[in-house]
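Engineer:
Numbering (our numbering), first residue to last: 3 to 74.
1) Output the distance between the C-alpha atoms of residue 34 and residue 56, rounded to the nearest integer angstrom.
2) Using the beta-carbon count (16 or more within 10 Å), is residue 9 buried or exposed?
3) Once the 5 residues before and after residue 54 are set aside, which same chain residues still bring their CB inside 6 Å of it?
4) Note down, in chain order, each residue of its chain lying with its Cβ closer than 7 Å to the Cβ of residue 32, except the 5 sequence neighbours on either side.
5) Under 8 Å by Cβ, that's how I've got residue 13 and residue 63 pegged, so tell me the actual separation to the nearest angstrom.
6) Where does the unbroken beta strand (DSSP E) through residue 51 begin, and where does it stop?
7) If we count the other Cβ atoms within 10 Å of its Cβ and call it buried at 16 or more, is residue 90 buried or exposed?
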């Protein structure tokens, strides 16, 4: 689940379909009804899109620290 911590790398799921795209959360907003949305910039096909996306459509990209070598 994606938290409201600010900038994060995420996968953005297509609203009605199986595709997903890599994106970057810019900021979060909480609606009056308590639901969260994120302003996300992501690449969809050959274009970049910036739009508000419901939290349920976002999946965090796992972070793995770099150890300083090319071998992990």
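Yeah, the Cβ is synthetic: ideal placement off N, Cα and C, and Gly gets one too.
Structural biologist: Let me spell this out:
1) 14 Å
2) exposed
3) 39, 41
4) 38
5) 6 Å
6) 49–56
7) The displayed coordinates of the chain run from 3 to 74. Any statement about residue 90 would go beyond what the structure contains.
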